Amino acid sequence: MKKKKNKKVKIKGDKKGYCNICGHYSKLTRDHIPPQGCIKPKPVELKTLTQHLSDPNAKPTVSQSGLNLLSICGNCNNNLLGTEYDPELIELSHKVASLVRSQQEQGLYLPEKIDLTVKPQRLIRAVVGHILAGKLPIPGKPPISEPFPDALRNYFVNESSNIPDKLEVYYWIYPSNKQIVINSLGIGSCIGQGFISGSCLLKFFPLAFWLVWDKPTSFPINGIGIPKDKFKDLDQTCEIVLELRNIPSLKYPEVPGDDRYIMYKDELSFLAQPKKPKGFKLCKN
Ligand SMILES: [Zn+2]
64 MKKKKNKKVK IKGDKKGYCN ICGHYSKLTR DHIPPQGCIK PKPVELKTLT QHLSDPNAKP
124 TVSQSGLNLL SICGNCNNNL LGTEYDPELI ELSHKVASLV RSQQEQGLYL PEKIDLTVKP
184 QRLIRAVVGH ILAGKLPIPG KPPISEPFPD ALRNYFVNES SNIPDKLEVY YWIYPSNKQI
244 VINSLGIGSC IGQGFISGSC LLKFFPLAFW LVWDKPTSFP INGIGIPKDK FKDLDQTCEI
304 VLELRNIPSL KYPEVPGDDR YIMYKDELSF LAQPKKPKGF KLCKN
């Protein structure tokens, strides 16, 4: 008997439904994850995290225009994400991309770390928006109410609200052309460092963002957190430090080492990599 295959990635959803961010029922609009200004959408092969971890030869789902999903309403997509928040994420990713490329292509020796000025309230909302958009809405039902996603949705739609107390936003350089969005990732320690029950992940060249909810202080994370000051408005800036040399493994944190385990919902995970041309064999990772 043939072994049951892992489920392929499903990217076709309903044209109308409940917006993954604000929860209103309307025509759904297509969100590109990450935004098109960060990475030009190209043909990609999509896999779920289970396929990626346990079935390397699994047949991927092909999308001709990057990872994009009908998942949010026009207001959240165009008026909020596209107009208010994406420009900050796009500007930061261009700055960091040129640094990483100058190292990769010209062999320039970069300092250990640099400071960058960002508008955290816009940057974090852009990341939150694309993560929430990175799953198909449940047909005929509003988003499931749970503390972590509710906090993300409320934070995104209320522009005067501050970063939720229990939310920490970690970031690091991610020099890979694979893109990953995972909406629900629990991660635990086998050596007594605790358990993170709610987190979500967005990784694309040149940055990774890991949003962690209610992290036990005992749980160490490879990455720097965006400061949690009280920011008075969307345009207030802060300095963030970017480590240029000491960066986590490309598979961090979704491929756990021996001392960690992960829990996730497969249908809430998307891994995209450039589509291989026909007849092309992959020699190395
Ligand atoms: Zn909406």
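Position in the sequence shown (first residue = 1) + 63 = my numbering.
A virtual CB, placed ideally from N, CA and C, is assigned to each residue, including glycine.
Bear in mind the structure is a predicted one, so any value in this text is a computation, not a measurement.
Per DSSP, His193 is one residue of the alpha helix (DSSP H) stretching across 183–196. Here the alpha carbon of Val191 sits roughly 7 Å from the alpha carbon of Leu215.
Between Asn83 and Ile135, the beta carbon gap of about 5 Å places them in contact (Cβ cut-off 8 Å). In the DSSP assignment, Asn131 falls outside any alpha helix (DSSP H) and within the unbroken beta strand (DSSP E) covering 131–135. In the displayed model, Cys139 falls within a helix according to three-state DSSP.
A distance criterion of 7 Å places the beta-carbon of Ile135 in contact range of ligand 1, judged by its closest non-hydrogen atom.
Around the Cβ of Ile207, a 10 Å sphere holds fewer than 16 other Cβ atoms; the residue is exposed. Boundaries of the beta strand (DSSP E) harbouring Thr124: 124–126, taken from the DSSP string. Note on geometry: alpha-carbon atoms of Asp329 and Phe219 lie some 24 Å from one another. A check of alpha carbon separations from Asn221 across Lys70, Lys78, Val159, Cys85 identifies Cys85 as the nearest.
Put simply, of Pro123, Asp277, Gly286, Trp235 the residue whose alpha carbon is nearest the alpha carbon of Pro337 is Pro123. Comparing alpha-carbon positions, the option among Gly320, Glu306, His157, Ile289 lying closest to Gly100 turns out to be His157. For Asn285, the Cβ stays outside the 7 Å cut-off from all heavy atoms of ligand 1.
If you look at Ala121, you'll find it isn't in any alpha helix (DSSP H); DSSP assigns it neither H nor E. Around Lys79, the same chain offers Tyr88, Ser89, Lys90, Leu91 as residues with beta carbons nearer than 8 Å, after the five sequence neighbours per side are excluded. Just measuring C-alpha positions, the residue of Asp118, Leu307, Leu130, Cys253 sitting nearest Asn240 is Leu130.
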